[in-house]
Amino acid sequence: VQIHGTWRSQTDRLTLQPFAQSVTLAAGTTNIPLTFPGLLDATIYVESNGFADKVYAGSGLWFVAGPDQSNADKLTLGNCRATDGIDKQDLFLAGCADLAAVTPQGADTIGIGRTLNPNGMPVDVSPYQALRFWAKGNGTPVRVLLETAGIKDADYYQAVFVPTNEWQQYILPLSHFRQRGFGETSVYTGRDVKAVLWLNAESNGQPLALSLDQISFTNTGLLSPTTLAESNSDTTARTVSFVATEASAIAQTVLYYSLNEGQSYQAAAMNATRATDGQTTVQGQLPGQPLGTDVRYYVEVLHVNGYRSRMPIDAPRSYYRYQIDDRPTLLVDDFGGERPLNRIGGNSGLFNELTHGGSLTAYQSAQQLVLDYQVDQSDQYAGYYTELKGLHAETYTTIDLLIRGAAGGEQFHVGLRDGNGYEPRLSVGDFLPGGVTSTWQWIQIPLASFGKQLDRTDLHSLSLTFYNTDVPTTGRLYVAEIRLTTL
347 VQIHGTWRSQ TDRLTLQPFA QSVTLAAGTT NIPLTFPGLL DATIYVESNG
397 FADKVYAGSG LWFVAGPDQS NADKLTLGNC RATDGIDKQD LFLAGCADLA
447 AVTPQGADTI GIGRTLNPNG MPVDVSPYQA LRFWAKGNGT PVRVLLETAG
497 IKDADYYQAV FVPTNEWQQY ILPLSHFRQR GFGETSVYTG RDVKAVLWLN
547 AESNGQPLAL SLDQISFTNT GLLSPTTLAE SNSDTTARTV SFVATEASAI
597 AQTVLYYSLN EGQSYQAAAM NATRATDGQT TVQGQLPGQP LGTDVRYYVE
647 VLHVNGYRSR MPIDAPRSYY RYQIDDRPTL LVDDFGGERP LNRIGGNSGL
697 FNELTHGGSL TAYQSAQQLV LDYQVDQSDQ YAGYYTELKG LHAETYTTID
747 LLIRGAAGGE QFHVGLRDGN GYEPRLSVGD FLPGGVTSTW QWIQIPLASF
797 GKQLDRTDLH SLSLTFYNTD VPTTGRLYVA EIRLTTL
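Here the working numbering is used: the first residue of the sequence shown is 347, the next is one more, and so on.
This is the structure:
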């Protein structure tokens, strides 16, 4: 039997490398190994006794993703870097890609897609806990989506990161991926993933540059937080802990903390202990601080392959945070870290994005929620909600939001919904005499302003709604913190 053909390596996409071998088969079934280090694709011919067969072997396809492509959007497949740092147990998506594009206006998207199979069939990635890849870009936020066969309305599980102009390794725990909320709720199983998509998270007509390399589903080198510091009046030292998966891939972990709003960070050592179940716990101690201190922190991981990753993934742009404060407050959300839930365990999402035509995109980045809205047609509205899980709020007197606008003058309504479905919505203009500006400011709304009919012993959600009757009808709002306070 003659076996021959050509193949390409993921580190040299331009060169077709020939191969050939001749084997004599014994009776029965014979397995013939063909070795292609770092395979991108191969064309294999098998010839015997005048018969021939042709086999194509590949590992998925790159494509430009998005419905609104233009001539300015260019996908190139250059030569990739060596992949000897990839764990052999990973599910590796071979190859690399570069995208130069312009983000569309409105709700449209553009980006890069990578199928897991050449024929587009789904793949079971449920044995893996994280998506790992190397990326660099131009500072435009990017939304990573897992396209699955079971979701039909494009509300795929997703996470957001902001690539810088230097190569960085990202390890995104799959448990932190979530739906945006405009489609039907679907449980992520990992058993039917068809493709990974990297799309623009902002739609503003600005350039999008993105390079991707060494993509894999992995269980290696993953840190998951188990104990984070909470805001309270405790002035003593705080211990934070993370669980490491396949800790042999981690050479060192360092805890960084800041006491001056992120202007500078100090390092603190972290210690690893291996439990009887095989898991490794990594702990670090944050020094005690006086009342009134705002502490930000993140963890940096040095991997044995020489690369670094951070938790949260965009650190220090994003960070974990706690405040040492003796005021009776309840922090609802500070949009920190990579948690898919708010600070009291509630989900968040969007409403009326499709049904009423209003456009709203949302993502968390750099310790803030970013809401891009467009409700410029009659009767349109769109909103964001976060669950309060039946919160008993009788002891609090105000709801406080730290906000700013991209341009200033943005208008929206704050709503509270109780267990009976009653939801009064109040205009922020009634509580900000100078209106929303482009600088950070607190808006403080007395809970009594929502009226006596609202059951403050059973609050189910908080909402931010943009209406067509408000001006401007297109804009961007930033939210850094939501809390309840007792005055």
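No residue lacks a Cβ here, since even glycine has one placed at the ideal position from N, Cα and C.
Counting the other Cβ atoms within 10 Å of the Cβ of W786 gives fewer than 16, which makes it exposed. In the DSSP annotation of this structure, the continuous segment of the beta strand (DSSP E) that includes A443 starts and ends at A443 to V448.
Inter-residue distance for N688 and A826 is about 12 Å (C-alpha atoms, whole angstroms). In terms of Cα proximity to A403, the closest of G396, V448, D444 and G351 is G351.
Every unbroken stretch of the beta strand (DSSP E) spanning 3 or more residues and falling wholly within the stretch 368-425 is given here in chain order: 385-394, 397-404, 408-411 and 420-422. Relative to T585, the option among Q560, G781 and E576 whose CA is nearest is E576.
Between L810 and F758, the C-beta spacing is below 7 Å.
Following the DSSP letters along the chain, one finds Q348 inside the beta strand (DSSP E) bounded by residues Q348 to S355. Between T707 and D722, the C-beta spacing is not below 7 Å. Here L491 is near L543, since their CB atoms are less than 7 Å apart. Unbroken beta strand (DSSP E) runs of no fewer than 3 residues, entirely contained in the stretch 653-702, are found at 654-657, 666-669, 675-679 and 694-697, following chain order.
Considered as a whole, the stretch 585-623 harbours 596-604 and 612-620 as its complete beta strand (DSSP E) runs of no fewer than 3 residues, in chain order.
When rounded, the separation of the alpha-carbon atoms in M657 and Q348 is 52 Å. Counting along the chain, the unbroken beta strand (DSSP E) around Y727 starts and ends at Y727 to L737. Across the set G567, T564 and L545, the C-alpha of L545 shows the shortest separation from the C-alpha of L558.
By the criterion of at least three beta-carbon pairs nearer than 8 Å, the stretch 643-655 is in contact with the stretch 598-610. Judged by DSSP in its simplified three-state form, A794 adopts helix. For a cut-off of 8 Å, the C-beta gap from T461 to G412 is around 15 Å, too long to register as a contact. Taking V650 as the centre and dropping the five residues before and after it, the same chain places the C-beta of A595 and A597 closer than 6 Å to its C-beta, in chain order. Secondary structure note for T832: it is in no beta strand (DSSP E), with a DSSP letter that is neither H nor E. Just measuring C-alpha positions, the residue of G536, K540 and Y502 sitting nearest W408 is K540.
D776 sits in a helix when the DSSP states are folded into three classes. Here V817 is exposed: its Cβ has fewer than 16 other Cβ atoms, across all protein chains shown, within 10 Å. Using a Cβ distance threshold of 7 Å, L556 and T449 do not count as a contacting pair. One thing to note: I456 has its Cβ no nearer than 7 Å to the Cβ of A443. Here S809 carries a strand assignment [DSSP, helix/strand/coil].
The residues S472, in chain order, have a CB closer than 7 Å to that of T535 in the same chain once the five nearest residues on each side in sequence are set aside. Its Cα nearest to that of F528, the residue D499 stands out among V508, L518 and D499. In the DSSP assignment, D718 falls within the unbroken beta strand (DSSP E) covering L715 to Q720. DSSP lists F588 as the bridge partner or partners of P571.
Here DSSP, grouped into helix, strand and coil, assigns L462 to coil.
Between the beta-carbon of K735 and that of G780 there is about 34 Å, and that puts the pair past the 8 Å contact cut.
Taking a C-beta distance under 7 Å as the contact criterion, D358 and S562 do not qualify as a contact pair. Less than 7 Å divides the Cβ of S784 from the Cβ of G754. Across the set Y474, G652 and A661, the C-alpha of A661 shows the shortest separation from the C-alpha of S610.
No Cβ-Cβ contact shorter than 7 Å links G652 with Y666.
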